[in-house]
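Below is one structure, written out as structure tokens; the observations come after it.
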Amino acid sequence: MTAAEETEVRRDKVVFITNFFDSDDQKRAVVGFLTLATMANVDKSAAGRIQVLEFCPPALPVALRYHATSNPKGARCDVYDHTVNAYGRDPKTGFARRPLDNVGVQYGLRALNAGSISKEQFLDLNERTGGFDNDGNVVSSRSEGDLAAIRAAYRTGRLTSGGGGLASTPIIDYRNYLDDQEDGDVHLRYQSFSLRERLVKANGRADNHVMLVEDRRGGSSASPVFREALGQMDRWLTTLSEDTSSNPQIVKIVRAKPADLTDACWSRDQTPQKIAEKQTRDTSTRCGELYPTASFPREIAGAAVAGDIIKCQLKPIQLSDYQVTFTSDEMARLRKMFSGGVCDWTKPGVEQQRLRGTWLTIGVNGT
């Protein structure tokens, strides 16, 4: 996932979730990450992008920066105002529209159903989970995304769709594994599976996508695996350029792919050995055992690994969704906190739609 805006789909509420559990195992069960350090890393390096002053460059004088009261027309350094031409401006505030939304999201649902957290913890978490205001400050109410911003996010590729140019592009998804890094990281392996699922959803296939993963010793041009991947991509593109047939582009891409370029991982010993096997999240496979793929908050809340829903459609609370039995008082609490309903992850997101096109020129207000 490359767009900074996309981080909010899966990370927007880590700053809340980590406040409700004393047990590290319970925290991991609710957010899905492999290590607790990743939660802190996400909060610092990703969630901060929605805050209006967090990433202002030192070269920007403080006097020119936004302040809610003393300088309301000052420079805003959040990711949305940075991309205001795509999102458009809210006529009421003059600031960039924001797509952030977590209405109806049942944080920790799968952890509850797995018995990892209690009913009280699940209810307390969701009762007290709030959202962000337009300046990125924590507020008690949940975030409601601006529908025009959500529509623009999909139409202009702020959220990678898997369609558009990716539908006709050779892709080598090279990754040096950082999920278990001691100080955490925001670049996680499930993102590779998320992209593959988006490709399948958009195109019905993903055989133009190859996953390669090695341990953290990689990640630079000094890596033999990385250099080999570059060489394979050169061969792939060269062969593709020589195909002058009238076949569909995806057919030509798959035909041009080098025969020895397949999903693979490398062992984590002193002399890494290539293990060629289809990459899955199944830990019973050799690569799955070496490089376990954790989850993320919205998947634990019931979303699919594609992670491509910014604002979910809502449905009435259904008792069949829970592997626990709520008392009448607990059900009253649940209905009160989700008075409009809960996320129906089986349906497309609100305003979810295909890209407007590729190589877009975006003017004022996303036009």
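Taking my numbering, the leading residue of the sequence shown gets 3, the next gets one more, and so forth. Glycine is no exception: its CB is placed at the ideal position from the N, C-alpha and C atoms.
According to DSSP, K280 shares a beta bridge with no other residue.
Setting aside the 5 residues that flank it on each side, A305 is surrounded in the same chain by I311 and W347, each with a C-beta closer than 7 Å to its C-beta; the list follows chain order. In the DSSP assignment, A98 is bridged to R91. Under the three-state reduction of DSSP, I252 is assigned to helix. Bounds of any alpha helix (DSSP H) do not take in H211; it lies within the beta strand (DSSP E) bounded by H211 to E216. Between D80 and E146 the beta-carbon gap is near 17 Å, outside 8 Å, which marks them as no contact.
Residue nearest to A155 within the set D175, Y89 and R177 is Y89 (criterion: CA-CA distance). Contact between I364 and T71 is ruled out by a C-beta separation of about 32 Å, above the 8 Å threshold. If you ignore the 5 residues before and after R153, its C-beta comes within less than 8 Å of the C-beta of E353 and Q355, all in its own chain and listed in chain order. One thing to note: C289 has its Cβ within 8 Å of the Cβ of C267. In the structure shown, the three-state DSSP call for L316 is strand. In this structure, I277 keeps its C-beta atom at 8 Å or more from the C-beta atom of P172. Ranking A39, A204 and F124 by CA distance to the CA of V326 puts F124 first.
Annotation: the continuous beta strand (DSSP E) that includes Y176 extends over I173 to N178. Secondary structure note for W361: it is in no alpha helix (DSSP H), with a DSSP letter that is neither H nor E. Cβ-Cβ separation between V54 and R300: approximately 24 Å, too far for a contact (criterion under 8 Å). Residue range R288 to L292 is occupied by the alpha helix (DSSP H) that includes C289.
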